[in-house]
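Chains as they are written, first to last, in our numbering: chain G, 39 to 270; chain D, 39 to 270. Just below is one structure, and these are the notes that go with it.
Number of protein chains: 2
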Amino acid sequence: MALSLRPAASAPARRRAAFLTRAEIVAAAAVVLEREGYDALNMRAVAAELRVQAAALYRHVASRAELDDLLFDHLMADCTPQLQGLDWRVDVAAIADAWRSRLLARRDATRIALGQVSVGPNLAPLMDAALDALGRSGLGDADIVEAYQAWVIFVHGFASAEASHRDLAARPQGEGLRIAPLRPEWAKAYPALWRLADAISAPAGFEAPFAFGLDALIAGIERRLAASRPAR
Amino acid sequence: MALSLRPAASAPARRRAAFLTRAEIVAAAAVVLEREGYDALNMRAVAAELRVQAAALYRHVASRAELDDLLFDHLMADCTPQLQGLDWRVDVAAIADAWRSRLLARRDATRIALGQVSVGPNLAPLMDAALDALGRSGLGDADIVEAYQAWVIFVHGFASAEASHRDLAARPQGEGLRIAPLRPEWAKAYPALWRLADAISAPAGFEAPFAFGLDALIAGIERRLAASRPAR
DNA sequence: ACCTGAACACCGTTCAAGT
DNA sequence: ACCTGAACACCGTTCAAGT
Chain G
39 MALSLRPAAS APARRRAAFL TRAEIVAAAA VVLEREGYDA LNMRAVAAEL
89 RVQAAALYRH VASRAELDDL LFDHLMADCT PQLQGLDWRV DVAAIADAWR
139 SRLLARRDAT RIALGQVSVG PNLAPLMDAA LDALGRSGLG DADIVEAYQA
189 WVIFVHGFAS AEASHRDLAA RPQGEGLRIA PLRPEWAKAY PALWRLADAI
239 SAPAGFEAPF AFGLDALIAG IERRLAASRP AR
Chain D
39 MALSLRPAAS APARRRAAFL TRAEIVAAAA VVLEREGYDA LNMRAVAAEL
89 RVQAAALYRH VASRAELDDL LFDHLMADCT PQLQGLDWRV DVAAIADAWR
139 SRLLARRDAT RIALGQVSVG PNLAPLMDAA LDALGRSGLG DADIVEAYQA
189 WVIFVHGFAS AEASHRDLAA RPQGEGLRIA PLRPEWAKAY PALWRLADAI
239 SAPAGFEAPF AFGLDALIAG IERRLAASRP AR
């Protein structure tokens, strides 16, 4: 092998000006995610974004799982909307809309959210706003927690379904093979499924069913309130 | 190297009696899943369960993703409950309960469901039963689809949350580090979160919030019905 | 203390060669 | 036609060695 004639053009990658930080790593992960998607997000890609070796990341984050945790919280930064603080129903709906919109606005955010369990500095104000709004309805603590669980599962579930439908629809055509090929012999056995299959696999939109579910949950809370204080 | 003195004791793994089949592969995948969990489910493990090389599987399934699809449908076999077919509300609730129970009864089923999009022979009757019951409410087709979407997302979302909470709680202690360590300085900034954090991270149970959400959705359908035929 | 270079175990997938 | 054996690319993670 001949020695390279060029000096140190692509040289030993001169040391970085400063040390790595967790925040820098998380921000780089967010860039990779937005640009290449979750399937391309890995420790080597994040390291390359920072012009660093993958092993260097482990000095600052414990594992890939922890990075995902930190990343998800990062994606939810400044998501809490301005609230009027008067009508709890309005606020609960506003937070749900903001949360859902953010999940859909950050590429593959719902795929990361799945393994997510910890509460970071960006998720905390969002959760607090939701719990506070639910509390202003007059519900007791146990009922607030129940309603919150149902509400947050609904918001995340809907965003996940919408995101994965959008991904599927955007496939190069042919990759979409995995989409339900309903079998002809089911026409008679499963008439309701047969009749509605197209509408289900290519829904007109997600706003309407989202609003339907959200309204139903809010109405459910109102009914519970009415039941708990029977007379006035 | 000396020749082995033992004859064909652990010999060339005598050929299988019959050819592999898709059904056999899916069943083996289900066995591995139940015994070792989703993290240990991979092509080599499924192949080993069948005493076959991993590459052999690709003659019968296109990819790991397709195997997951087939596996999920397999896990939902015979899940459709006996329905009275009279009151749609009762039936919608019964199907939701059966669906949720099955998701929770099959180890890591909710983790597979996430990528799931195709409709197999076991999912078809379940979906048909749900759509049929919703249709018996008197809703129009567009509304049936909306209600179904909200309903199925709620059922799957709840089962996912319950399963992942159960997994987390079952960790050897110490692995649970990823559970939200709320920061002390949040006590004042996020009082609602602070007050309810314990109840949220260690919910008393999932039956109650599940029933709450399900009732709310059914009540939401009733309200829509009432709105669409104002007088009788 | 922090990062590099090299390695290890693991996993989905392909492919030529056997039967 | 189906399966084996071997390989490839890839990924999370570890660790001794450099600075």
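Virtual Cβ for every residue (Gly too), placed ideally from N, Cα, C. Keep in mind that this is a model prediction, so the values were computed, not measured.
- Task: Starting from the beta carbon of D:D194, find every residue of chain G whose beta carbon is closer than 8 Å, and list them in chain order.
- Result: As a first step, residue 194 of chain D is located in the second sequence; it is residue number 156 there, counting from the start. The sequence shown places His at residue 194 of chain D, not Asp. The answer, in chain order, is G195.
- Going by the beta-carbon positions, is the gap between D:E87 and D:V70 smaller than 8 Å? By 1-based counting over the second sequence, the position of residue 87 of chain D is 49. By 1-based counting over the second sequence, the position of residue 70 of chain D is 32. Yes, Cβ-Cβ distance for D:E87 and D:V70 is below 8 Å.
- Task: Measure the C-alpha to C-alpha separation of D:A264 and G:P247 and round it to an integer number of angstroms.
- Result: Looking up residue 264 of chain D in the second sequence gives position 226. Looking up residue 247 of chain G in the first sequence gives position 209. Distance between the alpha carbons of D:A264 and G:P247: 18 Å.
- Query: Which whole-angstrom value describes the C-beta separation of D:L231 and G:L169, a residue pair presumed to lie in contact below a C-beta threshold of 8 Å?
  - Reply: Translated into the one-based positions of the second sequence, residue 231 of chain D becomes position 193. Translated into the one-based positions of the first sequence, residue 169 of chain G becomes position 131. Indeed, because the Cβ distance is near 6 Å, the residues count as touching under 8 Å.
- First and last residue of the uninterrupted alpha helix (DSSP H) at D:L164: Position 126 of the second sequence holds residue 164 of chain D. Per DSSP, D:L164 belongs to the alpha helix (DSSP H) from L161 to G173.
- Task: Please check if any C-beta of chain D sits within less than 8 Å of the C-beta of G:W224.
- Result: Locating residue 224 of chain G in the first sequence gives position 186, counting from the first residue. With 8 Å as the cut-off, G:W224 counts as an interface residue toward chain D.
- Task: Indicate whether D:A180 and D:V130 have their beta-carbon atoms separated by less than 8 Å.
- Result: Taking the first residue of the second sequence as 1, we reach residue 180 of chain D at position 142. Taking the first residue of the second sequence as 1, we reach residue 130 of chain D at position 92. No. Outside cutoff.
- Residues from the segment 136-162 of chain D in contact with chain G, defined by Cβ distance under 7 Å: L152, V155, S156, V157 and A162
- Could you say which of G:A85, G:D253 and G:I238 lies nearest to D:A162 if we only look at CA atoms? The sequence position of residue 162 of chain D within the second sequence is 124, counting from 1. Comparing Cα-Cα distances from D:A162 to each of G:A85, G:D253 and G:I238, the minimum goes to G:I238.
- Query: Any residues in the segment 234-259 of chain D with a beta carbon nearer than 7 Å to a beta carbon of chain G? Which ones, in chain order?
  - Reply: When CB distances to chain G are screened at a threshold of 7 Å, the residues of the segment 234-259 of chain D falling below it are L234, A237, I238, P241, A246, P247, F250, G251, D253, A254, L255, A257 and G258, in chain order.
- Proximity to G:L142 [Cα-Cα], best of G:R102, G:R261 and G:A199: Here the question's residue 142 of chain G lines up with position 104 in the first sequence. Among G:R102, G:R261 and G:A199, the Cα nearest to that of G:L142 belongs to G:A199.
- Query: Is the shortest distance between the beta-carbon of D:V4 and the beta-carbons of chain G less than 8 Å?
  - Reply: Outside the shown range of chain D, which is 39 to 270, sits residue 4 of chain D, and nothing can be said about it.
- Query: By the criterion of Cβ-Cβ separation under 7 Å, what are the contact partners of G:L177 in chain D?
  - Reply: For the purposes of this step, residue 177 of chain G is taken as the residue at position 139 of the first sequence. Neighbours of G:L177 on chain D: none; closest Cβ ~11 Å, over 7 Å.
- What does D:M81 touch in chain G if you count any residue whose Cβ is under 9 Å from its own? Within the second sequence, the letter at position 43 stands for residue 81 of chain D. Neighbours of D:M81 on chain G: none; closest Cβ ~18 Å, over 9 Å.
- Which residues mark the beginning and the end of the alpha helix (DSSP H) in which D:S202 is found? As a working mapping, residue 202 of chain D is identified with position 164 in the second sequence. D179 to A207 is the span of the alpha helix (DSSP H), which, as asked, contains D:S202.
- Under 8 Å, do D:L177 and D:I259 count as touching if we go by C-beta distance? As a working note, residue 177 of chain D is residue 139 in the second sequence. As a working note, residue 259 of chain D is residue 221 in the second sequence. Yes; because the gap between Cβ atoms is below 8 Å, this pair is in contact.
- Starting from D:L58, find everything on chain G with Cβ-Cβ shorter than 7 Å and list it in chain order. Working through the second sequence from its first residue, we reach residue 58 of chain D at position 20. Those within 7 Å of D:L58 in chain G number zero; the least Cβ separation is about 22 Å.
- Determine the closest residue to D:R233 out of G:F244, G:V90, G:A249 and G:I182, with distance taken between C-alpha atoms. On the second sequence, position 195 is the one that residue 233 of chain D refers to. Among G:F244, G:V90, G:A249 and G:I182, the Cα nearest to that of D:R233 is on G:I182.
- Three-pair Cβ contact test at 8 Å for the segment 185-194 of chain D versus the segment 184-203 of chain G: yes
- Please check if any C-beta of chain D sits within less than 8 Å of the C-beta of G:R127. As a working mapping, residue 127 of chain G is identified with position 89 in the first sequence. No, no contact with chain D.
- Kindly list, in the order they appear in chain G, the residues whose Cβ is closer than 9 Å to that of D:D170. Here residue 170 of chain D is taken as the residue at index 132 of the second sequence, counted from 1. Result: Y228, P229, A230 and L231.
- Going straight from the alpha carbon of G:A65 to that of D:R97, what length do you get? Here the question's residue 65 of chain G lines up with position 27 in the first sequence. Here the question's residue 97 of chain D lines up with position 59 in the second sequence. If you take the alpha carbons of G:A65 and D:R97, they lie about 42 Å apart.
- Query: Given D:G158, which residues of its chain have a CB within under 6 Å of its CB, disregarding the five upstream and five downstream residues?
  - Reply: Residue mapping note: residue 158 of chain D aligns to position 120 of the second sequence, counting from 1. Around D:G158: D111.
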